[in-house]
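In what follows, a structure is listed as structure tokens, so that the remarks can point back to it.
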Amino acid sequence: MEANRIEEKIYKYGADILASEGMQKEKTFVQHGSITCYDHSLRVAEKSLELAEKCSAYIDERSLVRGALLHDYFLYDWHEKDGGHRLHGFFHAERALHNARRDFNLNFIERDIIRKHMFPLNITPPKFRESWIVTWADKLCAAEETTRALRLAFTKTARG
């Protein structure tokens, strides 16, 4: 799918989310490496649409995009050293769902995406195709984001 078509779909289905106070707050929190939660969520929505295009089955693109944008809507800095977010990986999906339900009207698919995107760390598997797609997109994006700094450092070292 072309980048401009992906961007159009994200804004078509998620403009209200992207403009929300909570999502604007996500711009202040680092997620992986130097990537903010906001940018990570956008990347996951983009990757989800790319993966969905490869599926031959029907995909609810609206739910896919909205769930992807809100999957990490936990609204705190999990890197704080106070110990309060030590088990972030296990619990942030429920916090994100709580916040998203407070701020937006969510359907069953969107709720499932947010709640289950950390499978298999959280043991309940996704129920819908859209949830599986966002789960995979999140893992792909997180791996790329966390290894980016290592790849850059390795490239600089290799060049001398």
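The sequence shown begins at 16 in the numbering used here and counts up by one.
Just so it is clear, CB atoms sit at the ideal spot from N, CA and C, and this is done for glycine as well.
In this text, all values refer to a predicted model and were calculated from it rather than measured experimentally.
What distance in whole Å lies between the Cβ atoms of His86 and Asp127, which are believed to be in contact at a cut-off of 8 Å?
Between His86 and Asp127 the Cβ distance is about 11 Å, and since that is not below 8 Å, they are no contact.
For Thr43, name the three-state secondary structure that DSSP assigns.
coil
To the nearest angstrom, report how far apart Phe143 and Arg130 are at their CA atoms.
Answer to the nearest angstrom: the Cα atoms are 12 Å apart.
If you compare alpha carbons, which of Gln39, Ala108, Leu79 and Phe44 is closest to Leu181?
Because the chain here runs from 16 to 175, residue 181 falls outside it and cannot be looked at.
Under 8 Å, do Val80 and Ile25 count as touching if we go by C-beta distance?
The answer is yes: Cβ separation under 8 Å.
Under the three-state reduction of DSSP, which class applies to His94: helix, strand or coil?
Its pLDDT being 49, under 50, His94 is placed unreliably by the model, and nothing is read from it.
Is the segment 57-66 touching the segment 109-116 in the sense that three or more CB pairs, one from each, lie closer than 8 Å?
no
From Cys52 to Ala72, what distance separates their C-alpha atoms?
30 Å
Distance, Cα to Cα, Lys27 vs Leu167?
Taking the straight line joining both Cα atoms gives about 34 Å.
Would you report the Cα separation of Leu33 and Lys69, rounded to the nearest angstrom?
25 Å
Can you list, in chain order, the stretches of the alpha helix (DSSP H) that have 4 or more residues and sit fully within the segment 55-85?
76-85
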